[in-house]
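A.B. asks: Structure in structure tokens, see below.
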Amino acid sequence: MIRPVAEYPAGTERLRLRRLTMADVDALVELDSDPEVMRFLTGGVATPLATVRDEQVPRLLAQYDRHPGLGRWAAHDRESGEFLGWFALDPSEDGTEAELGYRLRRSTWGRGLATEGARALVRYAFDTVGVRRVWAETMTVNERSRRVMVKAGLHYVRTFHLEWDDPIPGTEQGEVEYEVRAEEWATVSQERPAARRAR
2 MIRPVAEYPA GTERLRLRRL TMADVDALVE LDSDPEVMRF LTGGVATPLA TVRDEQVPRL
62 LAQYDRHPGL GRWAAHDRES GEFLGWFALD PSEDGTEAEL GYRLRRSTWG RGLATEGARA
122 LVRYAFDTVG VRRVWAETMT VNERSRRVMV KAGLHYVRTF HLEWDDPIPG TEQGEVEYEV
182 RAEEWATVSQ ERPAARRAR
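The sequence shown: position 126 = 127 (this note's numbering), numbered continuously.
Okay, structure coming up:
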């Protein structure tokens, strides 16, 4: 059963999370303008300003009201306040499951921030919100993201193939799905230490 929470993850020792606002449009556009950040999403093609401003952000803001406690959050460096990217628990239609997501600036890669944030969100999804399942998908060839999923406590479920009008390199190897369910979480969380919490 989903608990009626109106809060969101406080973050970790190195990350501060907050709800997105329309003031984040420029930062989100800049994030999506890095070809390496978008490599396994669009083949490196940037997301247009109009798409972020008129479609994506309004949809995400409306999501906060429909599914309290779930959604997408801007991530900032806790020390400097710098915008680093975002983390997400995108809800299913009924809000009982959530898709884990993350997108960070290339300058942050290699520091363990994606894993730190993802683990904190998975813990929050089960321990605070009370979802039944957390899952994530990426391209088979996206080894970096797959490692984050495993370190966050998810396990491999399947490889599947989708039809694309304009496939990007690596599409031929398919997509992969990872998950962790509520009944598995108690065991997984005991085996893995909690992500470093906010001071």
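Every residue gets a Cβ at the ideal spot worked out from N, C-alpha and C, and that includes glycine. Since we're looking at a predicted model, the values are computed, not measured.
Measure from the alpha carbon of G154 to the alpha carbon of each residue in T188, E98, G96, P92, then state which is nearest.
C.D. replies: Reading the sequence shown from its first residue, position 153 is the one you call residue 154. That would be T188, whose Cα lies nearest to the Cα of G154.
A.B. asks: Taking contact to mean 3 or more Cβ pairs, one atom from each stretch, closer than 8 Å, check whether the segment 96-113 and the segment 44-54 are in contact.
C.D. replies: no
A.B. asks: Between M23 and the rest of its own chain, which residues show a CB-CB distance below 7 Å, the 5 nearest in sequence each way excluded?
C.D. replies: Looking up residue 23 in the sequence shown gives position 22. Contacts found: V58.
A.B. asks: Just how far apart, CA to CA, sit H162 and F41?
C.D. replies: Within the sequence shown, residue 162 is the residue found at index 161, counting from 1. Within the sequence shown, residue 41 is the residue found at index 40, counting from 1. Cα to Cα, H162 sits roughly 15 Å from F41.
A.B. asks: Between the C-alpha atoms of G72 and A126, what's the straight-line distance to the nearest angstrom?
C.D. replies: Here the question's residue 72 lines up with position 71 in the sequence shown. Here the question's residue 126 lines up with position 125 in the sequence shown. Cα to Cα, the separation comes out at about 11 Å.
A.B. asks: For F84, I'd like the list of residues in its chain whose CB is within less than 7 Å of its CB, leaving aside the five on either flank, ordered along the chain.
C.D. replies: Numbered from 1 along the sequence shown, position 83 holds the residue referred to as residue 84. The answer, listed in chain order, is A28, A75, H77.
A.B. asks: Report the rounded CA-to-CA distance for M145 versus Y103, giving the unit in angstroms.
C.D. replies: Sequence index remark: in the sequence shown, residue 145 carries index 144 (1-based). Sequence index remark: in the sequence shown, residue 103 carries index 102 (1-based). Sequence check: residue 145 is Arg here, not Met. Their backbone Cα atoms lie some 12 Å apart in a straight line.
A.B. asks: Can you tell me whether DSSP reads E37 as helix, strand or coil?
C.D. replies: Here residue 37 corresponds to residue number 36 of the sequence shown, with the count starting at 1. E37: coil per DSSP, three-state reduction.
A.B. asks: Relative to the C-alpha of A149, which candidate in L101, P69, V46, G70 has its C-alpha closest?
C.D. replies: As a working note, residue 149 is residue 148 in the sequence shown. The sequence shown places Val at residue 149, not Ala. For the residues L101, P69, V46, G70, the minimum Cα distance to V149 belongs to L101.
A.B. asks: Taking only three categories from DSSP, how would you classify G12?
C.D. replies: Taking the sequence shown and counting its residues from 1, one reaches residue 12 at position 11. Here G12 sits in strand by DSSP.
A.B. asks: May I have a chain-ordered list of the beta strand (DSSP E) segments no shorter than 3 residues that lie completely inside the segment 80-129?
C.D. replies: 84-92, 98-105
A.B. asks: What is the residue span of the beta strand (DSSP E) that V181 lies within?
C.D. replies: The residue labelled residue 181 in the question sits at position 180 within the sequence shown. Its beta strand (DSSP E) spans residues 176-182.
A.B. asks: Between which two residues does the alpha helix (DSSP H) harbouring R145 extend?
C.D. replies: Walking along the sequence shown from the start, residue 145 turns up at place 144. Per DSSP, R145 is one residue of the alpha helix (DSSP H) stretching across 144-152.
A.B. asks: So is the beta-carbon of D66 under 7 Å away from any non-hydrogen atom of the ligand GDP?
C.D. replies: Summarising the ligand content, the structure contains no ligands, and the ligand GDP is consequently not present.
A.B. asks: In three-state terms, what does DSSP make of R17?
C.D. replies: Counted from its first residue, the sequence shown places residue 17 at position 16. R17: strand per DSSP, three-state reduction.
A.B. asks: Nearest to A89 by CA position, among D95, Q64, R79, is which residue?
C.D. replies: The sequence position of residue 89 within the sequence shown is 88, counting from 1. For the residues D95, Q64, R79, the minimum Cα distance to A89 belongs to Q64.
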